[in-house]
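Engineer:
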Amino acid sequence: MEKNNVNFGKPKVGGAIFIAPLNGTTAPTMPKSAKEELGAMFKNAGYVEDGGIKSTIKKDVDIKYAWGGTAIGANNKKTEVTMQIPLIESRNEDVLKFVFGDSNVKTDENGIAVDINGNDETEWMVVIDMATRGGKLHRIVIPDCIITSLGDISYKDDDIVKYETTVTALAYDNNNNYQKEYWEK
59 MEKNNVNFGK PKVGGAIFIA PLNGTTAPTM PKSAKEELGA MFKNAGYVED
109 GGIKSTIKKD VDIKYAWGGT AIGANNKKTE VTMQIPLIES RNEDVLKFVF
159 GDSNVKTDEN GIAVDINGND ETEWMVVIDM ATRGGKLHRI VIPDCIITSL
209 GDISYKDDDI VKYETTVTAL AYDNNNNYQK EYWEK
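Quick note on numbering: the sequence shown equals residues 59 to 243 in this note's numbering.
Below, the structure written as structure tokens:
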């Protein structure tokens, strides 16, 4: 047993959530390690609520049984990978583009204008960087995802405005892979 193998999901100092749209003419390059520098297309999504992020992997498996009840086979009918990311920088232009759609956010000398509609189908690459025990890095990459849920947005004087986004990963290769994780040695 090695207690350095037990880790917390602590965000990397200087930024932990990075986002890049996939719908443009130039696609971002998927990182291939925990330490690889991200390209200029990736934008820092800023602060996340103190509860952190939550990853959910749901499998719909059909178990087949023999007469008498012995499990003899399984068919994985569906896998769904989602990530809940509660973003709290409500005036961050890049966060607004992520939440409401790249084409729905316009900035000029007067400020930021956001159109909220159902016209956005922007797909994103999301990179999550964390620091583990001993300062080693842990990186989660969702190469292709789309926001499938946005929680209630509360505007009140005793709490911060947050965008409780849920992204659903789309398969990014022919092996039906949805997410890639890298751990620094």
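Beta carbons are placed, not taken as given, at the ideal position from N, Cα and C, and that holds for glycine.
Just so you know, these numbers come straight off a predicted model, no measurement behind them.
With a cut-off of 8 Å on the beta carbons, I'd call residue 145 and residue 170 a contact; round off their distance for me.
Structural biologist: Incorrect: roughly 15 Å between the Cβ atoms, too far for contact.
Engineer: May I have the straight-line CA-CA distance separating residue 213 from residue 125, to the nearest angstrom?
Structural biologist: Straight through space, the alpha carbons of residue 125 and residue 213 are spaced by roughly 58 Å.
Engineer: Using the C-alpha atoms, what's the distance from residue 159 back to residue 182?
Structural biologist: 10 Å
Engineer: Could you compute how far the alpha carbon of residue 148 sits from the alpha carbon of residue 121?
Structural biologist: The alpha-carbon of residue 148 is positioned some 45 Å away from that of residue 121.
Engineer: Taking only the alpha-carbon atoms, compute the straight-line gap between residue 239 and residue 163 and give it to the nearest angstrom.
Structural biologist: 31 Å
Engineer: Only counting the same chain, and skipping five residues up and downstream in sequence, which positions put a Cβ closer than 6 Å to that of residue 180?
Structural biologist: 79, 81, 159 and 160
Engineer: Could you tell me the distance, in whole angstroms, from the CA atom of residue 84 to the CA atom of residue 229?
Structural biologist: Within the model, the alpha-carbon separation for residue 84 versus residue 229 is close to 19 Å.
Engineer: In terms of alpha-carbon separation, which member of 237, 199, 191 and 152 lies closest to residue 101?
Structural biologist: 152
Engineer: If distances are taken between C-alpha atoms only, which option among 209, 234 and 188 comes closest to residue 93?
Structural biologist: Looking at the Cα atoms, 188 is the closest of the given residues.
Engineer: On a CA-only basis, which of 219, 115, 103 and 141 is nearest residue 203? Give me that one, please.
Structural biologist: Nearest Cα to residue 203 within the set 219, 115, 103 and 141: 141.
Engineer: Return the chain-ordered ranges of every alpha helix (DSSP H) run that is complete within the region 117-175 and spans a minimum of 4 residues.
Structural biologist: 151-158
Engineer: Give the range of the beta strand (DSSP E) segment to which residue 188 is assigned.
Structural biologist: 182-189
Engineer: Let me check understanding here. Comparing Cα to Cα, which of 156, 135, 211 and 197 lies closest to residue 96?
Structural biologist: Nearest neighbour of residue 96 by Cα position, chosen from 156, 135, 211 and 197, turns out to be 197.
Engineer: Report the rounded CA-to-CA distance for residue 206 versus residue 139, giving the unit in angstroms.
Structural biologist: 12 Å
Engineer: What residue from 109, 86, 217 and 108 has the CA that sits closest to residue 99's CA?
Structural biologist: 86
Engineer: Please classify residue 62: does DSSP put it in a helix, a strand, or coil?
Structural biologist: helix
Engineer: How long is the line joining the alpha carbons of residue 178 and residue 67, rounded to whole angstroms?
Structural biologist: 31 Å
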